[in-house]
Amino acid sequence: MRKGKWFWVGVVSLLFCFFASFGSSTQGASVQVLTLQGQLDGSQVSLLQRGLKKAAKHGDKAVVLNLALQGDDIRAAQTLNSIIRASSVPTIAYVTMDAGSRMNTIAALSCRHIVMAPQSRLGGAKQDPLEEATRQQWNELAQALATLTGRNAQVAMALVDNQVAYPPYSAQGMFLRLTADQAKTLSISEGTAKTLVDALHLFSLDNLPVYYETQTWSDRLSGVLQNDYIHVIIVVLIALTILVEIKMAGIGIGVITAIVIGGILFGFGVEPEYADIRTFMAFVVGVLCLMLELVIPGVGIFGVMGICLLYGSLFFFFGATVHAIYILAIGSIVAAVLFYVILRCLPKTSITAELILHEREFGDVEYATTVDNHRYLGMTGVSVTTLKPVGMIKINGELLEAVTRTMVIEKKRPVRVTRIEGNRLVVVEII
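Residue numbers (mature numbering (1 follows the signal peptide of the UniProt record, and there is no 0)): -29 to -1, 1 to 402.
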């Protein structure tokens, strides 16, 4: 009896495993289609990245890229290639028209398979001639892709560079522009297909369900945030909020604002290959280090660490290239100029007068800006604002900037000047 019981338990277990495996194998039996056309922007890059991740997660059999891209931006082409090549799901480029652009050619060559519509062509460009360095980059990219996919490297280079000849199809000074039949003859494509169904039939995928992945609001937002001008504005906002936070002696709003801006940038505005959570954590730690420099007495260690982490993470956010350095430099300069304007103009309003120190707040008290502050050494006074560690004190009716190296000093507390660092008074609280 006991043996019969265990027999049925075993049978049920085997049946469960069988049906479970059957269900998991058929769940992803589908084909995803992504359409990339026109100028490649951040929204299409986001769509491509999201679509490929979704296909891998669902176990799709293939992803078809319906290609009609324009443009000759080598940086965008390199980004596009890195995303497609990283896909674990087989990719099929379906070239449906004569795009006549290097971008469309590289997108097709990046895919594992290429299928062309009868009226389509592959190769050519509208922007020519290129700088020698840029032309070389296109050649190297096309050659590398041909090597990886087993295609003819000379043909691939001739498709993106009119200085590379491939007789009898093209001569030097002319782009190689392959028809569907020529691409099949030269083993660049796997065949010709009038429709998407015909293209899938070449790979025995025409019996599978097909679904189309389209752009969402997050893709469109990502497209906006990946614009270089928006990147400069983001750097300006982050730097400006931190500078204002320092000026307001750390009220917390600047820290929160900077981290929120960084979070939005990381979530939607970072080039895919640099969207690493460790980079974002470095950004957050950098902002916090800068704030710790205001609160914890030290010799600038937290400040140096904060600047390095903050700008280092932004450098990777923006692609880790010389272009990213330009963005950071321009953004920082603009932020410094705006901060100067804020200090000159905003204290004149009633709202900012509550937050930023100004001479009028102290009535007839004179704000002292002397070059030689050694005469205050050993003098006592009263803190006018909270020193954490920077703030304002009053000595003999004069308003002076001071810093504490020991602890936070609340306002209206007696203080003594213990030493002079440059033009800054270092004070301690008199207990």
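The beta carbon of each residue, even a glycine, is placed where N, CA and C say it ideally should be. Bear in mind that the values here come from a model prediction, so they are computed numbers and not experimental data.
Here the alpha carbons of residue 363 and residue 382 stand approximately 9 Å from one another. Shown here, residue 85 sits in a strand according to DSSP, grouped into three states. For residue 373, the enclosing beta strand (DSSP E) stretches over residues 369 to 375. The Cβ-Cβ distance between residue 60 and residue 162 does not fall below 8 Å.
Around the CB of residue 234, fewer than 16 other CB atoms lie within 10 Å, so the residue is classed as exposed. Sequence-distant partners of residue 88 (beyond 5 residues in either direction) whose C-beta falls short of 6 Å from its own C-beta, in its chain, are 67.
For residue 387, the beta-bridge partners assigned by DSSP are 351, 399. Residue state for residue 140 is assigned as coil, using DSSP reduced to three classes.
Taking 8 Å as the cut-off, the beta carbon of residue 19 is found no closer than this to the beta carbon of residue 38. In the DSSP assignment, residue 145 falls outside any alpha helix (DSSP H) and carries neither an H nor an E.
Under a 10 Å Cβ-count criterion, residue 261 is classified as buried, with 16 or more other Cβ atoms of the shown protein chains found around its own Cβ. The residue among 73, 297, 157 with its C-alpha nearest the C-alpha of residue 111 is 73.
Going by beta carbons, residue 174 and residue 63 fall inside the 8 Å limit.
Between the alpha carbons of residue 11 and residue 126 lies a distance of about 24 Å.
Taken in chain order, the complete beta strand (DSSP E) segments of 3 residues or longer contained in the segment 150 to 224 are 181 to 184.
The segment 386 to 396 makes contact with the segment 344 to 354; the number of CB pairs closer than 8 Å reaches 3 or more. Annotation: residue 135 to residue 70 spans about 20 Å, alpha carbon to alpha carbon. Relative to the Cα of residue 344, the nearest Cα in the group 307, 396, 177 belongs to 396. Separation of residue 75 and residue 115 (C-alpha to C-alpha, rounded to the nearest whole angstrom) is 16 Å. The Cβ atoms of residue 249 and residue 14 do not sit closer than 8 Å to each other. A direct Cα-to-Cα measurement between residue 346 and residue 365 gives close to 14 Å.
Rounded to whole angstroms, the gap between the alpha carbons of residue 1 and residue 188 is 25 Å.
The criterion of a C-beta distance shorter than 8 Å is satisfied by residue 94 and residue 149. A residue is called buried once 16 or more other Cβ atoms fall within 10 Å of its Cβ, and residue 215 is buried on that count. The segment 166 to 184 makes no contact with the segment 116 to 123; the number of CB pairs closer than 8 Å stays below 3.
The continuous alpha helix (DSSP H) containing residue 118 extends over residues 103 to 120. In this structure, the CA atom of residue 309 is about 17 Å from the CA atom of residue 201.
One alpha carbon belongs to residue 252, the other to residue 286, and they sit about 14 Å apart. Taking each of 78, 316, 23, 33 in turn and checking the Cα distance to residue 9, the smallest one comes out for 78. It is roughly 6 Å from the alpha-carbon of residue 210 to the alpha-carbon of residue 306.
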